[in-house]
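Working notes, beginning with the structure itself.
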């Protein structure tokens with residue numbers, strides 16, 4: 001089941017099948033427009049045949065023969081082939097070399113079978129880095145799928161007119177571009193453009209009254225999350241009031257983790273639950 005899951009994910013991510021019978025005949029140099037992870041290096045004797053990178057992508061990692069878990073964040077896929085004339089390692093040699101290297105960095109083996117392994121270790125900023133290794137053809141080709149778990153950076157948000165339309169048709173709108181410092185109610189600098197649109201929304205409709213509602217994921221203490229979400233909502237209200245919106249038109253509400261819109265068991269779901277909503281009063 002896990003093998004089928006991996007192949008399904010891989011097919012969706014690249015048109016170059018990782019289980020192709022042979023690597024393309026070429027000089028031992030890396031393929032055009034390819035790059036590997038800056039910290040996870042290749043096994044000696046291999047060249048980089050193809051690769052992909054995404055700022056944000058999901059991948060399903062095996063935890064056992066029967067269980068798996070989807071991780072999301074910064075993503076790399078790298079596909080290595082043995083150079084002509086190079087010594088071919090065995091599958092177990094590849095797996096154990098990476099396992100030993102990751103253990104020296106504080107990582108751990110999560111799961112291993114006859115054709116690959118899954119590893120977990122610390123990532124940048126205190127997060128997690130997950131690596132799936134798949135070995136083909138007895139060790140002449142292997143692939144690494146790497147995810148550094150992180151929330152997606154919201155790059156597409158509503159403008160004032162789109163917010164107004166959403167409030168008119170559904171009564172609320174969820175904003176993900178209002179990012180706060182971890183565990184605090186301090187807005188990050190990137191929130192400014194979206195707050196400017198909220199301000200334009202309110203100034204464009206003087207009769208509009210809004211409930212500014214903070215939401216968190218379910219990580220940590222529920223009571224602390226409720227308090228934090230209230231403080232974050234108050235931060236947004238204070239920003240708007242300082243720029244001329246009457247305080248009577250706004251209400252700050254903390255919802256904590258009580259109203260999830262996605263599965264808190266995955267990082268992608270938790271990222272969706274961390275939000276600020278505008279609710280029409």
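Residue numbers (the UniProt record's numbering): 1 to 281.
Even for Gly, the Cβ is constructed at its ideal location relative to N, Cα and C.
Keep in mind the model is a prediction, meaning the values are calculated, not measured.
Between the CA atoms of residue j and residue i - distance to the nearest angstrom
i           : j           : result
residue 21  : residue 141 : Any answer about residue 21 is weak, because its pLDDT of 42 lies below 50 and its placement is not dependable; what the coordinates show is given next. So the two alpha carbons sit approximately 9 Å from each other.
residue 219 : residue 138 : 42 Å
residue 133 : residue 252 : 47 Å
residue 122 : residue 105 : 8 Å
residue 270 : residue 109 : 25 Å
residue 245 : residue 41  : 54 Å
residue 236 : residue 101 : 46 Å
residue 31  : residue 228 : 49 Å
residue 168 : residue 159 : 14 Å
residue 44  : residue 196 : 53 Å
residue 272 : residue 262 : 6 Å
residue 200 : residue 182 : 27 Å
residue 275 : residue 178 : 7 Å
residue 203 : residue 68  : 49 Å
residue 157 : residue 87  : 52 Å
residue 194 : residue 131 : 35 Å
residue 239 : residue 150 : 27 Å
residue 222 : residue 231 : 14 Å
residue 256 : residue 99  : 39 Å
residue 49  : residue 77  : 11 Å
residue 209 : residue 162 : 17 Å
residue 97  : residue 35  : 21 Å
residue 54  : residue 72  : 11 Å
residue 39  : residue 126 : 16 Å
residue 264 : residue 145 : 23 Å
residue 124 : residue 37  : 13 Å
residue 241 : residue 166 : 23 Å
residue 224 : residue 198 : 27 Å
Cβ-based burial, residue i [other Cβ within 10 Å; buried from 16]
i           : result
residue 66  : exposed
residue 114 : exposed
residue 89  : buried
residue 217 : buried
residue 27  : Caution applies to residue 27, whose pLDDT of 45 falls short of 50 and renders its modelled position unreliable; the value that the coordinates give is listed next. The residue is exposed, with fewer than 16 neighbouring Cβ atoms inside 10 Å.
residue 164 : buried
residue 186 : exposed
residue 281 : exposed
residue 85  : exposed
residue 243 : exposed
residue 268 : buried
residue 192 : exposed
residue 29  : exposed
Candidates the options, of which the one nearest residue i by Cα
i           : options            : result
residue 190 : 39, 169, 180, 108  : 180
residue 92  : 39, 54, 112, 44    : 112
residue 147 : 138, 118, 157, 33  : 118
residue 33  : 46, 52, 262        : 52
residue 46  : 61, 158, 94        : 94
residue 226 : 57, 196, 184       : 184
residue 213 : 264, 259, 89       : 259
residue 103 : 56, 125, 129       : 129
residue 58  : 277, 266, 276, 281 : 266
residue 233 : 221, 37, 250       : 250
residue 143 : 150, 135, 201      : 135
residue 75  : 85, 215, 61        : 61
residue 254 : 211, 50, 77        : 211
residue 279 : 215, 224, 241      : 215
residue 206 : 264, 188, 248, 124 : 248
residue 56  : 63, 198, 70        : 70
residue 64  : 224, 241, 116      : 116
Inset, instruction - List in chain order: all unbroken alpha helix (DSSP H) runs of 4+ residues lying wholly within the UniProt domain "OmpA-like" (167–281). - result: 192–204, 222–242, 267–273
Inset, instruction - Indicate whether the contact test is met: 3 or more Cβ pairs, each with one atom in the region 70–84 and one in the region 167–185, closer than 8 Å. - result: Judged by Cβ distances under 8 Å, the region 70–84 makes no contact with the region 167–185, as fewer than three pairs qualify.
Legend entry - Secondary structure, alpha helix (DSSP H): runs of 4+ residues fully inside the region 31–109: Listed in chain order, they are 91–104.
Inset, instruction - Enumerate, from N- to C-terminal direction, the unbroken beta strand (DSSP E) stretches of 3 or more residues contained entirely within the region 128–163. - result: 128–136, 141–149
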